[in-house]
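Going from the sequence shown to our numbering is simple: count from 1 and add 691.
A virtual CB, placed ideally from N, CA and C, is assigned to each residue, including glycine.
Since the structure is predicted, the reported quantities are computational estimates derived from the model, not experimental observations.
Take a look at the structure set out below.
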Amino acid sequence: MLSKVQTRIDGLLGLVGVGAGLAISQFLASLKNGLNAPVVSIGNRVIDHVPAGLKEFAIRTFGVDDKRALVITIYFVVLILAILIGHSYFSGSRTRAYIMVTAMTTVGAIASIFDANAGVLSLLPSLSAGGATIWVLRIFDNRANQVNPEDGTPNRRDLLKTIGFIAVGSVAAVTAGNFFRSHASAQLQRLNIVLPKALKFLPLPPTDPALTIPGLSKLFTPNKEFYRIDTAIVVPNINIDSWRLQIDGMVDNPIEFTYKELTNRPVFQLDDTIACVSNEVGGNLVGNARWLGIRLDDLIKAASPYGSADQIMGHSIDGFTAGFPLAALDGRDAMIAIGMNGEPLPIEHGFPARIIVPGLYGYVSATKWLTRIELTRFDKAEGYWIPRGWSAKAPIKTQSRIDTPVIGSTVKAGKRAIAGVAWAPTRGISKVEIRIDKGPWRTATLGPALAKTTWRQWWIDWEAKLGNVSISVRATDGTGVIQSSKSVPVVPNGAEGWHTIDVTVQ
Ligand SMILES: Nc1nc2c(c(=O)[nH]1)N[C@H]1C(S)=C(S)[C@@H](COP(=O)(O)O)O[C@H]1N2
Ligand SMILES: [Mo]
692 MLSKVQTRID GLLGLVGVGA GLAISQFLAS LKNGLNAPVV SIGNRVIDHV PAGLKEFAIR
752 TFGVDDKRAL VITIYFVVLI LAILIGHSYF SGSRTRAYIM VTAMTTVGAI ASIFDANAGV
812 LSLLPSLSAG GATIWVLRIF DNRANQVNPE DGTPNRRDLL KTIGFIAVGS VAAVTAGNFF
872 RSHASAQLQR LNIVLPKALK FLPLPPTDPA LTIPGLSKLF TPNKEFYRID TAIVVPNINI
932 DSWRLQIDGM VDNPIEFTYK ELTNRPVFQL DDTIACVSNE VGGNLVGNAR WLGIRLDDLI
992 KAASPYGSAD QIMGHSIDGF TAGFPLAALD GRDAMIAIGM NGEPLPIEHG FPARIIVPGL
1052 YGYVSATKWL TRIELTRFDK AEGYWIPRGW SAKAPIKTQS RIDTPVIGST VKAGKRAIAG
1112 VAWAPTRGIS KVEIRIDKGP WRTATLGPAL AKTTWRQWWI DWEAKLGNVS ISVRATDGTG
1172 VIQSSKSVPV VPNGAEGWHT IDVTVQ
């Protein structure tokens, strides 16, 4: 027999017991695509079978949240049942509690059999839910019957600890499950994508000089090594079946694309170096890729922007925004990128689609996880970083970097190479010069010019003599302007100055 105090929490014991079962089922369901937690399976069956009138009512009442309303309703019923189960188990008929758990488990199991692509495994989440619920109720029972050895009063501390432990474990299981599921689905969809073919292929890239110059940046930055900058603590995992791209705002003809509709349009390849405004002189927040995408100017034209619109604002699914001048679409190859270096856009780099505008820093242009392109005005709307102290307009500045030797390193005396990269999208690079200490500027050899939008590798022979040396680099862009020597911090629109490194020769 239980004490009165314990009888008062028997509903809670039922809730935690059933909750633990549901948590386990949700966790298991997350491990494999196609497996569903019983609540989801039951929801699916309700959607399958709901009379049209009721469905219409639900959509009219709850709009796009109709499915959420359904799930909440199911959870509400389960909550009532769980309290009743706790009541029965601890202060009524234990048999009745078992019957209720069995009935719920059976309903969940039957519902799961009718799920899409259901197999034997589909029963696992609901059966585990029932099993776990009974197991937890028994643990509670066991704890509840323990008494303090001194005076024979019920040991409630132990019971409360167990309740807390199981509740926390349940929340952890659900959290872990949510993470696995969302991650797995976007990854899986990405793996199954076959990228469309470009109408005209760019030539195969030339042999990469980095193959023979150790320490030099590769001509194309591999996706795995590409810098990643964004505000997302958890990377958005977008389901491409429900993903849409809208073009709206100050336009006569708002348009919306599914992933398929977008990727069925003509696609082209673009070799482009993107850079972060936060990149310090000599920093590595810059990378070069062969992007695959859809021309942005075509899409914007199709939407017919108002004559008064002057800003294109990309919106990410996670609320990030980046805006750039409509006038930047001056014929340059701005695109909605869906591919990067021969692969679908990696999740971290904006899957399924992002904007790439050659010549503009990422924070004003390169919106990842893109869902909306809004035509607006600079005097009406600001991108995410603008009110935080960064310039509204931000073309990429001419920069050059020494990759090898490494800053502050010690190298052996003798013949070796000084090498690095220089970039000035969309102006291109026409010259790179090197200076040792206060010596004369020497012109470096330039690597392949893929496009004016990409960086160029450069290298020069160097006879390293004993002692400490200082090496500087400066680039001249395609319009003949030499990179400025004056040091300027990254805020508000990008760093300036020559990359100068000190090296010890031994
Ligand atoms: N959704 C979203 N897109 C974003 C950002 C962001 O925080 N969120 N950061 C931008 C910035 S500041 C840069 S430099 C580039 C970086 O792109 P990458 O991570 O693919 O290199 O993405 C841009 N696009
Ligand atoms: Mo950035």
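- Counting only residues of its own chain and dropping the five nearest sequence neighbours on each side, I774 has a CB closer than 7 Å to the CB of G702, G705, L706.
- Between V1196 and S1091, the C-beta gap is not smaller than 8 Å, which leaves the two residues out of contact.
- When secondary structure is reduced to three states using DSSP, I771 falls in the helix class.
- Runs of the alpha helix (DSSP H) lying entirely within the region 900 to 968, each at least 4 residues long, are 950 to 954 in chain order.
- When Cβ pairs closer than 8 Å are counted between the two stretches, the region 1053 to 1073 is seen to touch the region 1002 to 1012, the count reaching three or more.
- Between G1074 and V1055, the C-beta gap is smaller than 8 Å, which places the two residues in contact.
- Per DSSP, reduced to three states, the secondary structure at V1097 is coil, with no helix or strand assignment.
- For T1012, the enclosing beta strand (DSSP E) starts and ends at 1012 to 1016.
- For W1149, the pairing in a beta bridge is given by DSSP as G1111, L1137.
- P1096 sits close to V1194, with the two beta carbons spaced by under 8 Å.
- Inclusion of K1177 and G1188 in the CB contact set at 8 Å is warranted, their separation being smaller than that value.
- Counting only runs of 3+ residues, the beta strand (DSSP E) found wholly inside the region 963 to 1042 occupies 977 to 986, 1002 to 1007, 1012 to 1016, 1026 to 1031, in chain order.
- Residue range 701 to 721 is occupied by the alpha helix (DSSP H) that includes V709.
- Counted as a single uninterrupted DSSP element, the beta strand (DSSP E) harbouring R1126 occupies residues 1120 to 1127.
- Residue side-chain check: T964 keeps its Cβ at 7 Å or more from all non-hydrogen atoms of ligand 1.
- Distance between I700 and S782, taken at the CA atoms: about 10 Å.
- About 17 Å separates the Cβ atoms of Q960 and F917, ruling out a contact at the 8 Å cut-off.
- Pairing T786 with G777, the inter-Cα distance amounts to about 12 Å.
- Looking at the DSSP output, P840 bridges to nothing.
- DSSP places A823 within a helical segment (H, G or I) once states are collapsed to three.
- For K1084, the shortest separation between its Cβ and any heavy atom of ligand 1 does not lie below 7 Å.
- Per DSSP, the continuous beta strand (DSSP E) segment holding A1166 begins and ends at 1158 to 1168.
- These are the residues, in chain order, with a beta carbon less than 7 Å from any non-hydrogen atom of ligand 2: I920, C967, V968, S969, L976, Y1052, G1053, Y1054.
- For R956, the CB contacts under 6 Å within the same chain, skipping 5 residues up- and downstream, are I985 in chain order.
- D806 is the residue among T844, A760, D806, T866 whose C-alpha sits nearest the C-alpha of N735.
- Excluding residues up to 5 positions away in sequence, L907, S908, K909, L910, Q1148 lie with their Cβ nearer than 8 Å to the Cβ of A901 in the same chain.
- Under the three-state reduction of DSSP output, V859 falls in the helix class.
- Burial check for G868: the Cβ neighbour count within 10 Å reaches 16 or more, so the residue is buried.
- When only Cα atoms are considered, G1158 and G974 end up about 26 Å apart.
- Between the alpha carbons of G799 and T964 lies a gap of roughly 53 Å.
- An exposed status is given to F870, since fewer than 16 other beta-carbon atoms sit within 10 Å of its beta-carbon.
- Out of M795, L814, F1042, the CA that lies nearest to the CA of I804 is found in L814.
- Cβ-Cβ distances below 8 Å link P905 to T1095 in the same chain, with the five nearest sequence neighbours on each side left out; the list follows chain order.
- If you draw a 10 Å sphere on the C-beta of E971, you find fewer than 16 other C-beta atoms in it, and that means exposed.
- With a cut-off of 7 Å, the C-beta of F917 is classified as near ligand 1, since at least one heavy atom of the ligand falls inside that distance.
- Closest in C-alpha terms to G1014, from the list R847, P840, T912, A1085, comes A1085.
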